[in-house]
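Working notes, structure below.
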Amino acid sequence: MMDQFVWFDIITLGLILILAIKGVMNGFIKEVFGLVGIVGGIYFAFRFAEKIGTWISINFYALENESILFIVGFLAILLAFWISSILLGNIFAKMISISGLRGIDAIGGFLVGGAKIFFVFSVLFLLLSNIAFVKEKLDQYLHNSLMYPAFLKTGAFIANMKTSDFVKAKKINIDTNESTPESSDVADQNHEANGSIQEATENKNQKDEL
Numbered sequence: 111m112m113d114q115f116v117w118f119d120i121i122t123l124g125l126i127l128i129l130a131i132k133g134v135m136n137g138f139i140k141e142v143f144g145l146v147g148i149v150g151g152i153y154f155a156f157r158f159a160e161k162i163g164t165w166i167s168i169n170f171y172a173l174e175n176e177s178i179l180f181i182v183g184f185l186a187i188l189l190a191f192w193i194s195s196i197l198l199g200n201i202f203a204k205m206i207s208i209s210g211l212r213g214i215d216a217i218g219g220f221l222v223g224g225a226k227i228f229f230v231f232s233v234l235f236l237l238l239s240n241i242a243f244v245k246e247k248l249d250q251y252l253h254n255s256l257m258y259p260a261f262l263k264t265g266a267f268i269a270n271m272k273t274s275d276f277v278k279a280k281k282i283n284i285d286t287n288e289s290t291p292e293s294s295d296v297a298d299q300n301h302e303a304n305g306s307i308q309e310a311t312e313n314k315n316q317k318d319e320l
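111 is the number of the first residue of the sequence shown in the working numbering; add one for each residue after it.
This is the structure:
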């Protein structure tokens with residue numbers, strides 16, 4: 111168990127480091143636009159995935175499963191936003207010359223490149239943790255991990271919602287003690303009915319006594 115969680119942390123940190131080094135070669139501007147593309151794409155994908163998925167289903171290919179609709183819409187928004195940001199980054203990188211600040215450019219590219227892959231891991235594990243059987247395995251093998259909780263917190267922050275809220279929003283069945291508005295209305299109606307029955311019984315008893 112110890113080896114498994116250690117290897118998870120080593121692998122994820124290693125990938126973050128490798129892509130951070132790649133960011134040194136790309137430079138600060140391209141990496142910033144790439145990061146904006148990923149974070150912005152994820153942000154808007156969470157909010158409009160169902161609408162875009164439905165639109166794709168109506169206009170291109172019929173998709174009956176709600177989960178597939180969400181995934182297709184999510185990927186479509188994410189890819190469109192990310193690719194657009196990369197293209198803009200290339201344009202700005204050519205327009206803005208910072209050759210005299212190569213050291214700052216390299217450091218900035220390193221930091222942003224590492225942050226970019228960190229955010230990708232964060233959202234990936236946030237999504238996986240909301241699939242019941244996957245979450246069970248992740249909790250079993252990664253409960254001592256240092257990186258896994260950090261990924262979940264960051265992913266939830268990017269999505270601008272708590273993990274439990276995301277589960278509820280995607281209609282994943284979970285146990286809850288909270289009552290729905292419908293159940294509250296039924297309870298109120300039952301209470302009123304019981305009150306009426308009790309009142310009628312009291313009136314009948316009073317008449318019998320007279």
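The beta carbon of each residue, even a glycine, is placed where N, CA and C say it ideally should be.
Query                                                                                 : Result
Continuous alpha helix (DSSP H) stretch holding LEU185: start and end                 : 176-205
Enclosing alpha helix (DSSP H) for LEU145 [first to last residue]                     : 138-169
Where LEU197 falls, given that 16 or more other Cβ within 10 Å makes a residue buried : exposed
Cβ-Cβ separation, SER239 to LYS245 (assumed contact under 8 Å), whole Å               : 5 Å
Coil, strand or helix - SER255 by DSSP                                                : coil
Any non-hydrogen atom of the ligand SAH closer than 7 Å to LEU145 Cβ                  : In the structure on display, the ligand SAH does not appear, and there are no ligands present to speak of.
Nearest residue (CA-CA) to GLY137, options LEU237, VAL222 and THR122                  : VAL222
Beta-carbon spacing of ILE152, GLY183 below 8 Å                                       : no
The stretch 258-270 / the stretch 224-244 touching (three or more Cβ pairs under 8 Å) : yes
Helix, strand or coil at ALA172 according to DSSP, with G and I counted as helix      : coil
Nearest-angstrom Cα separation, counted from PHE220 out to PHE243                     : 36 Å
Cβ distance (whole Å) where VAL116 is taken to contact SER195 below 8 Å               : Wrong, their Cβ atoms sit about 35 Å apart, outside the cutoff.
LYS132 beta carbon less than 8 Å from that of ASN200                                  : no
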